[in-house]
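In this text, residue positions in the sequence shown follow my numbering: the first is 1, and each later residue adds one. Ideal Cβ placement from N, Cα and C applies to all residues, glycine included. First the structure, in the form of structure tokens, and then the observations on it.
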Amino acid sequence: MISKAPSPPAVSTEPSDRPNGTVSDPARPEDPHFDLAAFVSLAESEQRLRIAVEGTDLGIWEVDFDTGEQRWSPELRRILGIDPDTPASSAVLFDRIHPDDRDRLTSACSNPTAVETESFGEAVRIVRGDDHATRWILLQGRTVLGAAGHPSRRIGTVQDVTEQHETRQALRLALRRYQALIAATSEIVWHANASQEVGDGTGWTEFTGQSPESANGDGWLMSVHP
């Protein structure tokens with residue numbers, strides 16, 4: 001969402017100038033390039049976007065490479081645990097990123113492929129500004145090209161994925177413990193799914209010489225003495 005190459009992230013909550021010049025500052029209707037119909041259409045689409053992301057716990061950000069301006073949604077500031085009036089900037093974001101993850105995030109955001117047109121995503125830790133709690137976030141973004149075909153802006157999302165991360169960690173730990181238990185026991189341990197496909201049949205294979213595939217279904221009975 002932030003990038004040391006062009007610029008960092010932000011959220012689009014208000015209509016803004018676009019690279020193709022068709023929509024100008026609404027406060028400057030005298031601008032010869034001002035297109036009221038396009039402006040109204042843009043405002044309506046951004047309003048629909050805001051409504052769509054409400055309640056999703058997604059923070060939205062946008063960064064304009066030409067002006068350096070960044071826009072963040074209120075939800076993004078809430079995820080970071082910072083004041084709602086805090087200006088959107090790369091410095092503010094990186095101040096909340098865990099020190100051990102900053103280099104990795106910088107590398108992901110400034111990757112030449114990601115800077116051009118490809119999307120990127122990186123899971124990193126943050127230290128919230130209010131309660132100083134360490135949380136995991138998934139930061140995703142995509143570079144948008146302007147009329148000249150050059151990177152114009154980058155838009156993306158931030159989501160708190162702490163619970164998902166902790167669940168995956170717990171599953172990995174449980175699997176390692178299970179595998180260690182199986183390796184340490186002298187018993188034959190196996191399991192099968194509803195289709196009677198045998199899994200974890202290493203002990204059975206070593207004991208009988210029968211392959212896991214041939215043991216599927218009622219195949220294991222072939223190894224039982226008549």
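Counting only runs of at least 3 residues, the segment 61-85 fully encloses the following beta strand (DSSP E) elements, listed from N- to C-terminal order: 70-72.
Distance from GLN169 to ASP57 at the Cβ level is roughly 20 angstroms; contact not present, criterion being Cβ atoms closer than 8 angstroms. Taken atom to atom, the span from the alpha-carbon of GLN140 to that of GLU122 is near 7 angstroms. For the pair GLN70 and VAL124, the Cα-to-Cα distance works out to about 20 angstroms. For the options GLU75, ALA148, THR143, the alpha carbon positioned closest to that of ALA108 is the one of THR143. In this structure PRO99 is exposed. Its beta-carbon is surrounded by fewer than 16 other beta-carbon atoms within 10 angstroms.
By the 16-neighbour rule on beta-carbons within 10 angstroms, ARG176 is exposed. A residue is called buried when at least 16 other Cβ atoms come within 10 angstroms of its Cβ; ALA184 does not meet this threshold and is exposed. In this structure, SER152 is the residue among SER152, VAL127, PHE120, ASP103 with its C-alpha nearest to the C-alpha of ASP66.
Taken atom to atom, the span from the alpha-carbon of ARG102 to that of LEU171 is near 27 angstroms. Of the residues assessed, ALA88 falls on the buried side of the cut-off, its CB having 16 or more other CB atoms within 10 angstroms.
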